[in-house]
Amino acid sequence: MSFRERVRRRLRRLFPQEDHTTVQHGLTSNAPSASTGLPERLWDRAYDKLKISDAALIEAYEKILSRKLGGQGFDTQVTASEQNIIAQNDTHARRSQMRQLIQDGLDKTAGEARIKQAMGAAFALSAKDMISAAIQAVPQAALAWTGVCVALEMLQNPIAATEANRSGIEYVIKRMDWYWNLSSAVLKDNANESGFSGVRQEMETRVVDLYAMLLSYEIKSVCSYYRNRGLALLRDIVSLDDWNGDMTALQKAERAFYDDADVYANLRMVSNLDQLVSHAETQSSVQLAKEDQQCIKDLRFTDPSDDKKRIETTKGGLLQESYRWILNRPEYQQWRDSGENRLLWIKGDPGKGKTMLLCGIIDELNRQPSGLGLVSYFLCQATDQELNNATAALRGLIFMLVRQQPSLISHVRKRYDQAGEKLFEGANTWFALSDIFTKILEDPALKGAYLVVDALDECVSEQQKLLDLIVRVSGTKARVKWIVSSRNLSHIEERLQLAKKKVKLSLELNEESIANAVKIYIGEKVLELSNRKGYDEITRKGVRDYLLENANDTFLWVALVCQNLEKYTRWKVLDMLGVFPPGLDSLYERMMGQVLEGDESEGNLCKQILIVMMSVYRPITLRELGSLIEIGQEFSDNVDYLRHIVSLCGSFLTIREDTIYFVHQSAKDYLSKNEDAIFASAVKDVHRTMVSLSLQAMTKILRKNIYALPHVGPLSDDRINMPETDPLSAIKYSCVHWVDHLCKGSAIEAYLEEKGAVCSFLHEHLLHWLEAAIEIAPLQVYSSALVCSPTQSLVRKAFHREIPSWIQHRPVVEDNWSPCLQTLEGHASFVWSIDYSADLMQIVSGSYDKTIKTWDITTGACLQTFEGHTKSVETVAFTADSRRIVSGSDDQSIKIWDLTTGACHRTLRGHTGWVMDIALLENDQIASASRDRNIKIWDMKTGACLQTLRGHTGSVESVAPLTSGLVVSGGTDETIKIWDLATGLCSQTLEGHTGAVYSLTPLANGQLLSGSNDDTVKLWDVASRAFLTDGRVVSGSDDRTVKFWDVDTGVCVRTFEGHDGAVFSVAPSTDGQRIASGSVDRIVKIWDTTTGECVRTFDGHRDWVWAVAISMDGQWVASVSADGCIMIYNEASHSYRTLANHAARIRSVAVSPDGLYVVSLAVGGMIKVWHMATGKCVQICNVHAGWETQLSFDPTMKYRIQGNSGCFDLDSQLLEATLAMLLERQRHRERPPTPTLSPVTIRGYGSTVAVCVAQTRVAIFKFSEAGPDS
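The C-terminal position of the sequence shown is numbered 1270 in full-length UniProt numbering, with every residue numbered one higher than the one before it.
#1: In angstroms, rounded to a whole number, what distance separates the CA positions of SER1037 and LYS1085?
#2: Is it the case that the stretch 316 to 334 contacts the stretch 485 to 495, given that we only count it when at least three CB pairs across the two stretches are under 8 Å?
#3: So the candidates are GLU59, LEU267, GLN72 and LEU42; which of them puts its Cα closest to the Cα of LEU210?
#4: Name the two residues that bound the continuous beta strand (DSSP E) containing VAL864.
#5: Is the beta carbon of GLY902 sitting closer than 8 Å to the one on GLN842?
#6: Taking the alpha carbon of GLN1007 as the reference point, which residue from ILE894, ASN816 and ALA960 has its own alpha carbon closest?
#7: What does a CB cutoff of less than 8 Å around ALA1173 pick up in its chain, not counting 5 residues either side in sequence?
#8: Shortest alpha-carbon distance to LEU728 belongs to which of ILE774, LYS744, SER746 and ASP1123?
#9: How should TYR661 be labelled, buried or exposed, when 16 other C-beta atoms within 10 angstroms of its C-beta is the threshold for buried?
#10: Is PHE1193 closer than 8 Å to residue 1329 when the C-beta atoms are compared?
#11: How would you call ASP890, buried or exposed, if buried means at least 16 neighbouring beta carbons within 10 angstroms?
#12: Could you name the residues that DSSP lists as bridge partners for GLU1057?
#13: Sorted by chain position, which residues of the same chain lie with C-beta nearer than 8 Å to GLU630's C-beta, five sequence neighbours on each side aside?
#14: Give every residue of the same chain whose Cβ lies closer than 8 Å to the Cβ of ILE362, excluding the five residues on either side of it in the sequence, and list them in chain order.
#15: Touch check for the stretch 845 to 854 and the stretch 811 to 828: three-plus C-beta pairs under 8 Å?
#16: How many Å lie between ILE440 and THR1001 at the Cα?
#17: DSSP state of ARG950, grouped into three classes?
#18: What is the rounded straight-line gap between the Cα of VAL736 and the Cα of PHE761?
#19: Flag this pair as yes or no: are the beta carbons of ASP1060 and ASP1039 separated by less than 8 Å?
#20: Per the contact definition of three or more C-beta pairs closer than 8 Å, is the stretch 415 to 434 in contact with the stretch 346 to 359?
#21: For GLU957 and GLU922, I'd like the C-alpha separation in whole angstroms.
#22: Helix, strand or coil: how does DSSP classify PRO811 here?
#23: Below 8 Å, can you find three or more Cβ-Cβ pairs linking the stretch 204 to 223 to the stretch 250 to 259?
#24: Sorted by chain position, which residues of the same chain lie with C-beta nearer than 8 Å to LYS525's C-beta, five sequence neighbours on each side aside?
#25: Identify which residue in SER887, LYS68 and CYS862 has its Cα closest to the Cα of GLY420.
#26: Of all the beta strand (DSSP E) runs that stay within the bounds of the stretch 1075 to 1121, which reach a length of 3 or more residues?
#27: For CYS904, does the three-state DSSP call read helix, strand or coil?
#28: Going by other Cβ atoms of all chains shown within 10 Å of its Cβ, with 16 needed for buried, is SER837 buried or exposed?
#29: Straight-line CA distance for ILE520 to ARG336?
#30: Which residues in the same chain as HIS905 place their Cβ atom closer than 6 Å to its Cβ, once the five residues preceding and following it in sequence are excluded?
#31: Smallest Cα separation from GLY1165: which of GLN1179, ARG1147 and ASP1123?
#32: Given a cut-off of 8 Å on the beta-carbon distance, is the pair CYS295 and ILE398 in contact?
#33: Sort out for me which residues DSSP pairs LEU379 with in a bridge.
#34: Indicate whether THR1016 and GLU991 have their beta-carbon atoms separated by less than 8 Å.
#35: Does SER474 pass the burial test, meaning 16 or more other C-beta atoms within 10 Å, or should it be called exposed?
#36: Could you give the uninterrupted runs of the beta strand (DSSP E) lying entirely in the stretch 633 to 680, keeping only those of 3 residues or more?
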């Protein structure tokens, strides 16, 4: 294949064929022009650049070309005034002229070369073939080749060209093919390389510069040739003969371009690889589309765009003229245009149109180019439980961001894939969503976001969390701008005041703009009324003038008045205007008066509806309303009648698609503020009434297989034939919320009795109620759920008749429910450690599989998995605020994890052996026990090791906090050591185990449980020993003495003598000034710790004194004896009282912190609570025998009783009520009531105890980490 053919084919692949166009003297023929490609654009740019930078040279060059194009010779001089016919502003025409010049030049070159056979003629002929082939293949290349073609004349004239010039021309001609293809090869268009647009533009500039140097060389060569032929025009043009310098510069530019092109090519290569990875990820995302869709479905709590449409429709539509004024306000423009002001707070009084104002702003933001940022918003509504909390607002904002930019779902999926839909439920939902939200806003793919939250004052739940989030994000995320609105409330202003980059816009300070907007709104509303009611001009003007005069710039007032005016005929309207006073509260008062002045029965029904609407947790439908008000059966199902009654409620309510809403939050506020005057006592009974009516409605409607499903298995939606009228439509609200109203109701005890309304409903309709609530395979509740229930369970016994007869062989199940309520599965190996969060909502577990997991106690779902340890996780613990987790591992490290982000916050290193246990101390400190035989104390905030406790001779397996400043540890050396953190020394060693001590649990009453591999659990309680708050110990002994000990030194600092028998019990007062002691000598003594003297002696017992207790103020002392009596002494009055005998021997006694009650524990588990002043027994509780130990009151909880097996709270109100009843009945000699607790099973785990009552209910108690004060 010839060189010419190769050139032609190569260029044809790169560029389309262009028809030849003949242009002479600047006139274009009718032949169509091909579209301009990249190479010709770049050559054009290079040529145009020379026209600016070297105008004289180009002007001379074009006049030379003009003569050649006109067919004129060079016999006469080319002058400055001679016409330049080369097209100046039409690049297509110019290229056509250049092609004509090339064709003429090639013809001339061929003829002369054959005649002269001069030096360079052979090369000229071969070059002629090259140029001819190139121009035929790519006509657009004419500009680049014209100078070359003209310069061919020089190669045939050895006199006219120097050797340097001739070599340069030959070099250029040989490189022209490469030059032409350069731009197409290097700057090949790729739509997927938009990120390289800046680099690509720079490379284009480099190519243009190179082309300009090439053209300059060609043009200089041509001009030099004709100057040598005597053209006067060229005499003033210098620098036409530095051929070596020009060629050197050209070649240097080529080399520089090679370097840049290599870098650019490498960048493109990396980009292409990234795109391949991205493409693979995209393919993967297509496959995961279903999972993404399910995630988005679970994330969606509400669609804010639907809420916006509903609100706009309910308020009569969005009027542009009523909001566009804000677009011209300097505050708005400052927020919109400034990169610094990222928060715009719009505040104003109720009814000023804040919500519609924000709806308009949202529309304006949505009209902007999408590249400026996504628009996400949420409209809070206090009257709807689904729209009045911070978590719902955050879910709504995230949902809208993800819906607009689906790639952002990846941030949700990271958490969702672990927890599923439970991610959006529970106590930690806010923290999880906050972390997701932050990561979304940090995503580099997010160009920007406008976040709008309306009515912050209507965010009634977790409002402060939402405000803090807005302040934090607005101060840190430069690509995010906020608009929020609220009423003029001080607590909102206090929080938003913390935002440093904010703009505040007060509607009250923009009275003129608001007034104009309200004026426009009035005009629209009056026009609507006029068209609908047929007003004449006088009526129309009268209504408009009244509204303008009394509106006080309040949109809502205008809307409410117009809504009421619509009820009157056009002849009566002007007479009725005066009944609508200015001001919202005055208008509401007038509207309420109209309700009460009407028909009495309808007025009472309206009041009933308004009370219900004030109490519901969400807006309800008309059919649901019929089930919640006391109304005749013939009307409760009549939607038209219910709509009529709602319309009589004085415009407080509005109906949208059969759902009832308050017309505005201020309407509900008015009713709440005046509820006593308007509704009298009805408000107090509303919840109880709603429960009763709900139970009646559900009892009437609920039944088995209410949707007539064809079988019990799960069905897709398309296989369910829904009835025209949903049978559950009237009771949907009741099914979900009747229990909520039961909890808020007053005087509901009768409902909860064995044959009360609630128990009767559950006995009859529990399974029907569950069926109505189950989304997937609801009929399974009658088959698998019931069949797998224990045979003696209440549910199975009550509904055994519902078990399908077609189940012929039923599985063998337990007789009763197992006390195991949850089995948490997910770890891949042994679980070594667990801990409860402070709110008892979560469990954390550490495993041999090197992971840590958190679990939802209620649902059993795994919430998070933490990975980072390289070996088995031996121990885990929640911090006191449940915001962080601390873990210890065989990798010799301790890690602190952030529960919100899931990240490792800090790693503590210092141990040289496995970390076997950790304990969280006060002041944000951690104690760690290790197999390196040491205990280390760490500062959680800094990660610094504060001290190392040394003394164990074997591995330390367990560590726990005692009282303030004391830590206890146990290990393989079979000892338990108590450490004083102030000195770092071991203050006491407890010996008795014959195996390694693996577990230590301090109890609230000062005792200590230890577990060992010697198969024993020991309870450590040195006879009659008690710790004082200053670290001293008091003890009683068989030697008849009471001794004071310094724990640090082990030295007895004082001995109290006076008893005639062994001292079995001692109890110090809180301040350490008094000690009570009880002895075998039947005497109780009170000692002054300062002087060592006995200040009081009580001798009323007839047998040994087993236990004593002293009140916190030291004024009351209680003692129990082997004779079964309890004696109460008052030190101030020197009096005592004997309480009635227990039926069994008493083991322990305790005095409540306030000194009002004394509690006694007898053998067999009977606890009695006595009123100190009257001596009355006000409560009796039965617990299992494991409680037969020393009792105490938790000093931090007024009526919490503690024992070694658990704790429980006394009901103070019940105690007071029982006491009052006893005193009232005393004269009738009635016996006191004896309320009892059901038999319990109690299990302790660390500082937490689970109590299983009657094997059907579990209560969880968290012990105080610190011991009692005495």
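Note that beta-carbon positions come from the ideal geometry of N, C-alpha and C, so glycine has one too.
By the coordinates alone:
#1: Taking the sequence shown and counting its residues from 1, the one referred to as residue 1037 is at position 1037. Taking the sequence shown and counting its residues from 1, the one referred to as residue 1085 is at position 1085. So the two alpha carbons sit approximately 14 Å from each other.
#2: Judged by Cβ distances under 8 Å, the stretch 485 to 495 makes no contact with the stretch 316 to 334, as fewer than three pairs qualify.
#3: Translated into the one-based positions of the sequence shown, residue 210 becomes position 210. Out of GLU59, LEU267, GLN72 and LEU42, LEU42 has the C-alpha closest to the C-alpha of LEU210.
#4: Position 864 of the sequence shown holds residue 864. It should be noted that the sequence gives Gln, not Val, for residue 864. First-last of the beta strand (DSSP E) with GLN864: 862 to 867.
#5: Position 902 of the sequence shown holds residue 902. Position 842 of the sequence shown holds residue 842. No.
#6: Stepping through the sequence shown from its first residue, residue 1007 is reached at position 1007. Comparing Cα positions, the closest option is ALA960.
#7: For the purposes of this step, residue 1173 is taken as the residue at position 1173 of the sequence shown. Within the same chain, and ignoring the five residues on either side of ALA1173 in sequence, the residues whose Cβ sits closer than 8 Å to its Cβ are LEU1156.
#8: Numbered from its first residue, the sequence shown carries residue 728 at position 728. Nearest neighbour of LEU728 by Cα position, chosen from ILE774, LYS744, SER746 and ASP1123, turns out to be ILE774.
#9: Sequence index remark: in the sequence shown, residue 661 carries index 661 (1-based). Around the C-beta of TYR661, 16 or more other C-beta atoms lie within 10 Å, and the residue is accordingly described as buried.
#10: No information on residue 1329 is available, as it lies outside the stretch 1 to 1270 that the chain covers here.
#11: Within the sequence shown, the letter at position 890 stands for residue 890. When all chains shown are included, ASP890 counts as buried.
#12: Mapped onto the sequence shown, residue 1057 falls at position 1057. Beta-bridge pairing links GLU1057 to THR1041.
#13: In the sequence shown, the residue the question calls residue 630 occupies position 630. For GLU630, same chain residues with a beta-carbon under 8 Å away, outside a window of 5 residues either side, are GLN608, THR689 and LEU693 in chain order.
#14: The sequence position of residue 362 within the sequence shown is 362, counting from 1. If we look at ILE362 and ignore the five residues flanking it on each side, its Cβ neighbours are LYS308, VAL375, TYR377 and VAL452.
#15: The count of Cβ pairs closer than 8 Å, one atom from the stretch 845 to 854 and one from the stretch 811 to 828, reaches three, so the stretches are in contact.
#16: In the sequence shown, residue 440 corresponds to position 440, counting from 1. In the sequence shown, residue 1001 corresponds to position 1001, counting from 1. One C-alpha to the other measures close to 44 Å.
#17: Within the sequence shown, numbered from 1, the residue matching residue 950 stands at position 950. In the three-state scheme derived from DSSP, where H, G and I count as helix and E and B as strand, ARG950 is classed as strand.
#18: Within the sequence shown, the letter at position 736 stands for residue 736. Within the sequence shown, the letter at position 761 stands for residue 761. Cα to Cα, VAL736 sits roughly 15 Å from PHE761.
#19: Within the sequence shown, the letter at position 1060 stands for residue 1060. Within the sequence shown, the letter at position 1039 stands for residue 1039. Not closer than 8 Å, so no.
#20: Too few Cβ pairs lie closer than 8 Å, so no.
#21: By 1-based counting over the sequence shown, the position of residue 957 is 957. By 1-based counting over the sequence shown, the position of residue 922 is 922. Rounded to whole angstroms, GLU957 to GLU922 spans 21 Å at the Cα level.
#22: Residue 811 sits at position 811 when you count from the first residue of the sequence shown. Of the three classes helix, strand and coil, the one that applies to PRO811 here is coil, per DSSP.
#23: In short, these stretches touch, since the Cβ pair count reaches three.
#24: Here residue 525 refers to the residue found at position 525 when the sequence shown is read from its first residue. Excluding sequence neighbours, LYS525 sits near GLY316, LEU547, VAL558, ALA559 and CYS562.
#25: Indexing the sequence shown from 1 puts residue 420 at position 420. If we check each option's Cα against that of GLY420, CYS862 comes out closest.
#26: Entirely contained in the stretch 1075 to 1121, the beta strand (DSSP E) runs reaching 3 residues are, in chain order, 1084 to 1088, 1094 to 1098, 1105 to 1110 and 1116 to 1121.
#27: Numbered from its first residue, the sequence shown carries residue 904 at position 904. Reduced to three states, the DSSP call for CYS904 is strand.
#28: Working through the sequence shown from its first residue, we reach residue 837 at position 837. Buried.
#29: One-based indexing of the sequence shown puts residue 520 at position 520. One-based indexing of the sequence shown puts residue 336 at position 336. Distance between the alpha carbons of ILE520 and ARG336: 26 Å.
#30: As a first step, residue 905 is located in the sequence shown; it is residue number 905 there, counting from the start. Excluding positions up to five away in sequence, the list reads ILE896 and ASP898.
#31: Counting from one through the sequence shown, the residue named residue 1165 turns up at place 1165. For GLY1165, the nearest C-alpha among the options comes from ARG1147.
#32: Along the sequence shown, one-based indexing puts residue 295 at 295. Along the sequence shown, one-based indexing puts residue 398 at 398. Result no, Cβ atoms of CYS295 and ILE398 do not sit closer than 8 Å.
#33: Counting from one through the sequence shown, the residue named residue 379 turns up at place 379. Note: LEU379 sits in a beta bridge opposite ASP454.
#34: The residue given as residue 1016 occupies position 1016 in the sequence shown. The residue given as residue 991 occupies position 991 in the sequence shown. No, they are not a contact pair.
#35: Within the sequence shown, the letter at position 474 stands for residue 474. By the 16-neighbour rule on beta-carbons within 10 angstroms, SER474 is buried.
#36: You should have 653 to 656 and 659 to 662.
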